[in-house]
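Before any comments, here is the structure.
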Ligand SMILES: Nc1ncnc2c1ncn2[C@@H]1O[C@H](COP(=O)(O)OP(=O)(O)OP(=O)(O)O)[C@@H](O)[C@H]1O
Ligand SMILES: [Mg+2]
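In the numbering used here, the protein residues as written are 1342 to 1578.
So this is what it looks like as structure tokens:
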């Protein structure tokens, strides 16, 4: 089996699981409508809604993966702090259960990135930080730069369950989800970090993480040089 057969068979399996569940609960409701009380009906509809959301997320991520091979990355000079703020705004609306903080260093230079792809990276990392930590915990996004470096550092820190070093490679591969209670409780296709790493590297950046019992920190390094030239911030960025 080649890589694309492999991909298709995994995708088919991932699509079939929520679809089978949606059909099963719809059939149960239709077949036993009069016997079911309102609470059960509500519970079944909730599952149908959750599984539909899971399918939508999966299809969006699969589309992102198939587009990854296209050369559609446009590197421009970007004020990284400005680009982060709308992402935090959006994700914090979605995860009202968590606190979001920023520690953005105002004195960092601009980076050479594709702003849409950078925001996709930040969405994946901040969503993960919230998904894999308990309610009430804090997610902190920080930026920094040291004078002798060629990269800006963006960190997403959580107070979550952590990632074992033995899984360091696995989490960045397609369709990989770790086996722990929070991963089982949350929905996901296991494609987010694969997309994140691929996009980061396509922009000549780097991604890594450290993790311990207090939580996990993902670090993305973004280059301040494009084709050998240091990028200049445009006034409007
Ligand atoms: N910040 C984190 N803390 C602990 N575990 C994490 C963290 N981020 C990712 N993981 C683990 O790595 C796995 C892969 O993450 P990834 O973002 O690729 O997929 P996902 O979140 O399961 O699904 P999606 O494709 O919707 O992002 C997760 O399922 C989770 O088990
Ligand atoms: Mg994810």
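Think of the CB as a built atom: it goes at the ideal place given N, C-alpha and C, for glycine as much as any other residue.
Quick caveat, the model's predicted, so the values are computed rather than measured.
Exercise. How about the stretch 1547 to 1564 and the stretch 1492 to 1501: do they share at least three Cβ pairs that are nearer than 8 Å?
Worked result: Yes: at least three Cβ pairs fall under 8 Å.
Problem set entry | Sequence-distant residues of its chain with Cβ nearer than 7 Å to residue 1436 (five each side left out) | 1471
For this session: Could you pull out every residue in the same chain whose Cβ sits closer than 7 Å to the Cβ of residue 1355, ignoring the five residues on either side in sequence?
Result: 1399, 1516 and 1530
For this session: Using only the heavy atoms of ligand 2, determine whether one of them is closer than 7 Å to the beta carbon of residue 1534.
Result: yes
Exercise. Are the beta-carbon atoms of residue 1557 and residue 1535 separated by less than 8 Å?
Worked result: For residue 1557 and residue 1535, no; Cβs fall outside 8 Å.
Problem set entry | Whole-angstrom distance between residue 1373 and residue 1479, CA atom to CA atom | 44 Å
For this session: May I ask whether a heavy atom of ligand 2 can be found less than 7 Å away from the beta carbon of residue 1401?
Result: no
Exercise. What number of angstroms, rounded off, separates the C-alpha of residue 1461 from the C-alpha of residue 1546?
Worked result: 14 Å
Exercise. Counting along the chain, where does the alpha helix (DSSP H) carrying residue 1388 start and finish?
Worked result: It spans 1379 to 1408 - the alpha helix (DSSP H) in which residue 1388 sits, taken as one unbroken run.
Exercise. Does the count of Cβ pairs from the stretch 1518 to 1527 and the stretch 1498 to 1509 closer than 8 Å reach three?
Worked result: Touching, yes.
Exercise. Taking just the CA atoms, how far does residue 1389 sit from residue 1540?
Worked result: Each residue's alpha carbon lies about 32 Å from the other.
Problem set entry | Identity of the residue in 1565, 1542 and 1574 nearest residue 1453 by Cα | 1565
Exercise. Should residue 1438 and residue 1429 be called a contact, given that it needs their Cβ atoms to be closer than 8 Å?
Worked result: Against a cut-off of 8 Å, the Cβ pair of residue 1429 and residue 1438 comes out as no contact.
Exercise. Across which residues does DSSP place residue 1571 in a beta bridge pair?
Worked result: 1566
For this session: Compare the C-alpha of residue 1403 against each of 1377, 1552 and 1345 and name the closest.
Result: 1345
For this session: Taking residue 1509 as the reference, give the member of 1550, 1417, 1475 and 1425 with the closest Cα.
Result: Among 1550, 1417, 1475 and 1425, the Cα nearest to that of residue 1509 belongs to 1550.
Exercise. Between residue 1359 and the rest of its own chain, which residues show a CB-CB distance below 8 Å, the 5 nearest in sequence each way excluded?
Worked result: 1392, 1393, 1395, 1396 and 1399
Problem set entry | beta-carbon residue 1442 near ligand 2 non-hydrogen atom, thresh 7 Å | no
Exercise. Between which two residues does the beta strand (DSSP E) containing residue 1553 stretch?
Worked result: Residues 1547 to 1553.
Exercise. Is DSSP giving residue 1426 helix, strand or coil here?
Worked result: helix
For this session: Verify the CB distance criterion: does residue 1529 have a CB-CB separation below 8 Å to chain E?
Result: Considering every chain present, this structure includes no chain E. It has just one protein chain.
Exercise. Given residue 1475, which residues of its chain have a CB within under 7 Å of its CB, disregarding the five upstream and five downstream residues?
Worked result: none
Problem set entry | Residue closest to residue 1511, alpha-carbon to alpha-carbon, out of 1573, 1532, 1420 and 1406 | 1532
Problem set entry | Endpoints, the beta strand (DSSP E) within which residue 1484 is located | 1479 to 1485
Problem set entry | Check whether residue 1370 and residue 1383 have beta carbons under 8 Å apart | In this structure, residue 1370 sits away from residue 1383, with a CB-CB distance that is not shorter than 8 Å.
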